[in-house]
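Just so you know, this note's numbering puts 604 at position 601 of the sequence shown, and the rest follows in order with no gaps. Positions of the beta carbon are idealized from the N, C-alpha and C atoms, including for glycine. Note sheet for the following structure.
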Amino acid sequence: MSIGYCEIMRPVICLLIYLIVLLVGFGLGCSQDKPDLGIEGSIVGEDGQPISSAIVSIDGAENQSIMADDMGRFFIGDVTSGVYQVSVTKAGYNVHRKRFEIIDKILSNNVVLEREGSQTIFGKVVDMDSSDPVPHAELTIDQIDEVVKSDDQGIFRFTRKLIPGMHTVKAEVAGYQASSIQVKVGLGEPASADILMIRLQPILTITDSVVIFARDETHKIVTIANEGTGELSWTITYPQLDWLKIFPTQGEITNSNTVVNIVVDQEMVKSHQPSKTLHFTSNGGSKKLEISVTSKTALLNVSSRQINFGVDRDSATLRIENIGGGVLKWRVSAKQTWLSVRPFEGVTRQIPSVVSIRVDRNKLNVPGRYKHEVQVMSNGGITRIELILVIPTQPKLQVSSENIDFGSELRVTDLIIKNEGTGELFWELKFPMTDWLKVDPRQGITNGSRSSVITLRADRNLVVPGEYKMPVSIETNVGVGKVMASMLVKKPRILTNPERLDFSAYIDTKTIIISRDGYGSVDWDLVPEAKWVFATPTRGIVSDDRVEIQITIDRKGMLQGVNGTQLEILAEKADETRIVIPVTVDVLPDIRVIVRDIRSRIPVRGAFTLNGLTDLNGVVEFKNFKQLIINDKVEVGGYIDQDYRLQVNITDSALVEKTVWLTPLPKLIRTVESVDFDYPAEIILSSDGMFAYITNMQGNSITKMRTDTDKVLATLDLSSDGFEPIGLDLNSITGEIYVVNSIFEPEWMARARADDMVSDTVSIVDSNFRRSKKVVVGRRPVDVAVDSMRNNLYVANSLSRTISVIDLISHEIVTEIEVEGMPNRLALVGTHLYCASDRSVVVIDTKLGRVTSIIRNIGHQPVDLISDGEQYLYIINNSSSNVSIVNTLTQTVVKTLSVGLRPVRATISKSGLLYVVNQGHRALSIISRVGQGWQVIEETIPINSDSYGVAVLPDDSKVYLVRSRSAVIDVVGFSGL
4 MSIGYCEIMR
14 PVICLLIYLI
24 VLLVGFGLGC
34 SQDKPDLGIE
44 GSIVGEDGQP
54 ISSAIVSIDG
64 AENQSIMADD
74 MGRFFIGDVT
84 SGVYQVSVTK
94 AGYNVHRKRF
104 EIIDKILSNN
114 VVLEREGSQT
124 IFGKVVDMDS
134 SDPVPHAELT
144 IDQIDEVVKS
154 DDQGIFRFTR
164 KLIPGMHTVK
174 AEVAGYQASS
184 IQVKVGLGEP
194 ASADILMIRL
204 QPILTITDSV
214 VIFARDETHK
224 IVTIANEGTG
234 ELSWTITYPQ
244 LDWLKIFPTQ
254 GEITNSNTVV
264 NIVVDQEMVK
274 SHQPSKTLHF
284 TSNGGSKKLE
294 ISVTSKTALL
304 NVSSRQINFG
314 VDRDSATLRI
324 ENIGGGVLKW
334 RVSAKQTWLS
344 VRPFEGVTRQ
354 IPSVVSIRVD
364 RNKLNVPGRY
374 KHEVQVMSNG
384 GITRIELILV
394 IPTQPKLQVS
404 SENIDFGSEL
414 RVTDLIIKNE
424 GTGELFWELK
434 FPMTDWLKVD
444 PRQGITNGSR
454 SSVITLRADR
464 NLVVPGEYKM
474 PVSIETNVGV
484 GKVMASMLVK
494 KPRILTNPER
504 LDFSAYIDTK
514 TIIISRDGYG
524 SVDWDLVPEA
534 KWVFATPTRG
544 IVSDDRVEIQ
554 ITIDRKGMLQ
564 GVNGTQLEIL
574 AEKADETRIV
584 IPVTVDVLPD
594 IRVIVRDIRS
604 RIPVRGAFTL
614 NGLTDLNGVV
624 EFKNFKQLII
634 NDKVEVGGYI
644 DQDYRLQVNI
654 TDSALVEKTV
664 WLTPLPKLIR
674 TVESVDFDYP
684 AEIILSSDGM
694 FAYITNMQGN
704 SITKMRTDTD
714 KVLATLDLSS
724 DGFEPIGLDL
734 NSITGEIYVV
744 NSIFEPEWMA
754 RARADDMVSD
764 TVSIVDSNFR
774 RSKKVVVGRR
784 PVDVAVDSMR
794 NNLYVANSLS
804 RTISVIDLIS
814 HEIVTEIEVE
824 GMPNRLALVG
834 THLYCASDRS
844 VVVIDTKLGR
854 VTSIIRNIGH
864 QPVDLISDGE
874 QYLYIINNSS
884 SNVSIVNTLT
894 QTVVKTLSVG
904 LRPVRATISK
914 SGLLYVVNQG
924 HRALSIISRV
934 GQGWQVIEET
944 IPINSDSYGV
954 AVLPDDSKVY
964 LVRSRSAVID
974 VVGFSGL
């Protein structure tokens, strides 16, 4: 069998094998159950052709992977329902991912794979001549908004997927011509294209190689051109000569031409000047340019070789001519200081130059005949010129000043006469007779070696104020000079010392001294502006002697602080007719403190403050008080010390008053007795303070009492709910009252007590005070706290060591919160419940329903706690006999205050007074706020030793004390209630 026959039959055999496999699979499928769930599909390219051997994976409830067959088909079966991600991968193709959900059938999913770089263009940019890669070329595609650059190897790649068809790729880079190429992009395939770049090459050309300047030519041009491509950078170098200038000497051109200017200064060119060479260098070649200049010779000639200035001439002119060719350059040499030549150098062509020669006779002091020779030097020869002049003998007057101004202050000055000429100068001063000007000497002789000094004196005492001028003539043997003497006589000035008066708080009298500055006498009057200023004397005359004026002030009617006014001194003949003297008076206030009883409004006598005692009217006064801010307190027996602050400068009044209201200490005013009281324990008040509620431990009841009459209204029996009621709280919204019923017995008896005998409960008393309902709680409840906003009731169970949380709508316990130690008294502050245990205070977050912190650094055996409703919680420590103050914002102890022995209960009023029941000392302690701190009032209120529960009315008018063993209520208050 031939090889060709085998090659023909091989695909036929493969097709038969494929059909047999399909038939076998079909038969198996008919004989077996088809999988319930799965995914099947085909994998094709973007051109629709199948892609074989791709890996298909699913991830989800199950993970499986298979390889697609030669026709790109795949099937993954026997899977459970759920969400899956299918991934299809194959080398040379982008990964395909898709999420789907299989619910109740086989899912069909056909996949189209995209080749890497599909329908994009990539390639390389190379130099056409050297085949080297061209980096940093910028490439674009027509009508596509994408720009890429070639890398260091010249390779580029576009990322934008293009529409199949022809596309134009353009490349640009410095130093090369722009290049374009057509690239065909096929469906689903990347396209490759290499771009060839042609390097730019400039060529230097100049219009001339030789430039010749005739005798009269000074300027020519040469043109530079670029006959190649790209940018031509050129530079010109040439010898640095005075007569030659080239500009510009460098530049760049591409398609245009550049003109170079050549300028020759013929005046600077020497005869027989050799030619010079300019060198043109560039990146497109080099060139040379020869420059040749023709010149001619100059010849000097002057108009005169002698100039005679005679006796009185000071100037003359000299003409310099060029009788040759070219340019004559000349210079005149004149070394004498009395001789000047302008101009002293220059150039001359065909027109003669004129030189001015001047002599300064003032610099020739010695009379006589003078000769001097000057030289004219040039490139056309040298010529000498003789100068002749005569200096005769001649004196000359000169004065130091033509204006002698004495001004307003000067009395003596000098006038200096000099002889600036030769020989002797005879002079004499003449002026009209006057009283104010004196001159000495009036005449004299002056020669060149020394000057004459004349003293002039001005006397202002003999004239009235005004301006004076006097012309003075100086007659000499050579003429007359003029000098003007002038003087100003001002009006006299009045001076005051001091220029202002400042009266401090304790000074009432000061002195002003008036004096005169100037000449003559001056009448004056002094006028005070304010009625509380007095002057002695108020008028007079001041001349050479000073005048003293006494100024006195009266502070009555002035305002507190600094009072201001002014004094006016009037003088018509003075330079200043009105002088103002500012006056300030410092007035310290008088302080008056008035102390009154806040309840009776009557004055309090004998109160101590500011180191003084109040009088019968409750007043204490202080004069001229220096201190601007007063921080003090008022102390007196029978009252609570009261701090106060007084700022004296908040008013203009010189009298500052402050009324301090003292709160009297309450005292026992009555005892309320009732048959309803049966071993009373705790007491609370209604929100408005109209009613008091007292628990009776042995009577197993709760009593309601009016606070305005202190009369018992009713008693409600709670024995059906439980026994020995003690702690209670009131709902400010619903008016319900909550009472804990707990049998207080030794712990060994509580353990022996059968659980089914008596349960510990909480009674819920309706707002009408007619009936109650019980809720069973933990063992031995001792206190309750109600959250009216959230309808929750918190119960402290001492033996259970828990806090029961009762829903007030369903009246059922919703949770139990375990705490450290044995819980006792409760206080609800916002969203935090504070519970006193045997050794600490437990803090419970009512939102979270759990203990969040424990405050330990308190006193020993905390038995009660109470909140001020704002920021602070007061903890009553029985064994350590003190009160711990906790900042509820930081939940830390900020202060500990000692009180009486064995405190048991406390209450706080709206005014912030804390009343503490001390059984050991049989006293009621009071703690008050002092600014940011607290103070314990030293004076206490006597009470009975069995006093226990306590409550205070909102207005502080009454404090109720429960006496358990005596079965009475003590009322502590104020007489007259």
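Contacts around residue i, its chain only, beta-carbon distance under 6 Å, and the 5 residues preceding and following it disregarded
i    : result
T718 : D679, S704, T706
G725 : N744, T764
N794 : L811, I812
E405 : V486
M74  : P53
S183 : T171, K173
G702 : D681
N860 : V896
G451 : N422
Extent of the continuous beta strand (DSSP E) run through residue i
i    : result
M380 : 371-381
G85  : 85-92
G168 : 168-175
M708 : 704-709
R3   : The structure shown does not extend to residue 3, since the chain is modelled only from 4 through 980, so no value can be given for it.
A538 : 536-539
T499 : 496-500
Y522 : First-last for Y522: undefined, no H or E at that position.
P585 : 581-590
V953 : 950-955
K399 : No beta strand (DSSP E) contains K399, which DSSP labels as neither H nor E.
H222 : 222-229
L235 : 235-240
P906 : 906-911
L244 : Careful: L244 lies outside any beta strand (DSSP E) and carries neither H nor E.
Alpha-carbon to alpha-carbon, residue j and residue i
i    : j    : result
S454 : T340 : 25 Å
S870 : S689 : 17 Å
Y741 : A788 : 8 Å
D511 : Y875 : 54 Å
R783 : N881 : 21 Å
E119 : V82  : 32 Å
L331 : I457 : 59 Å
G523 : I517 : 15 Å
T257 : S278 : 32 Å
P370 : E423 : 13 Å
M200 : D132 : 8 Å
A217 : Y241 : 20 Å
T416 : F409 : 8 Å
S343 : R364 : 12 Å
K898 : I888 : 5 Å
V263 : D148 : 45 Å
V115 : I58  : 13 Å
Nonlocal neighbours in the same chain, by C-beta distance under 7 Å from residue i, ignoring five residues either side
i    : result
S840 : V822, E823, G824, M825, P826, N827
G641 : P667, L668
P983 : The displayed coordinates of the chain run from 4 to 980. Any statement about residue 983 would go beyond what the structure contains.
R202 : D130, D132, G178, Y179
Whole-Å CB distance - residue i paired with residue j, under 8 Å assumed
i    : j    : result
Q88  : R76  : With 8 Å as the limit, Q88 and R76 do not qualify as a contact, their Cβ atoms being about 20 Å apart.
V939 : S928 : 6 Å
Proximal residues to residue i (C-beta, below 8 Å), its chain only, five neighbours per side dropped
i    : result
M693 : R709, T710, D711
G852 : V808, T818, I820
What ranges does the beta strand (DSSP E) occupy inside the region 128-152, keeping only unbroken runs of at least 3 residues that lie completely in it? 141-144, 147-152
Can you list the beta strand (DSSP E) stretches of 3 or more residues lying completely in the region 267-345, in chain order? 279-285, 288-296, 303-305, 309-313, 318-325, 331-336, 342-345
Can you give, in chain order, each stretch of the alpha helix (DSSP H) that sits fully within the region 731-810 and has at least 4 residues? 750-755
Residue ranges of each beta strand (DSSP E) within the region 832-904, 3 or longer: 835-839, 844-848, 853-858, 865-870, 875-880, 885-890, 895-901
What are the complete beta strand (DSSP E) segments, minimum 3 residues, inside the region 379-455? 384-394, 400-402, 406-408, 415-422, 427-433, 440-443, 446-450
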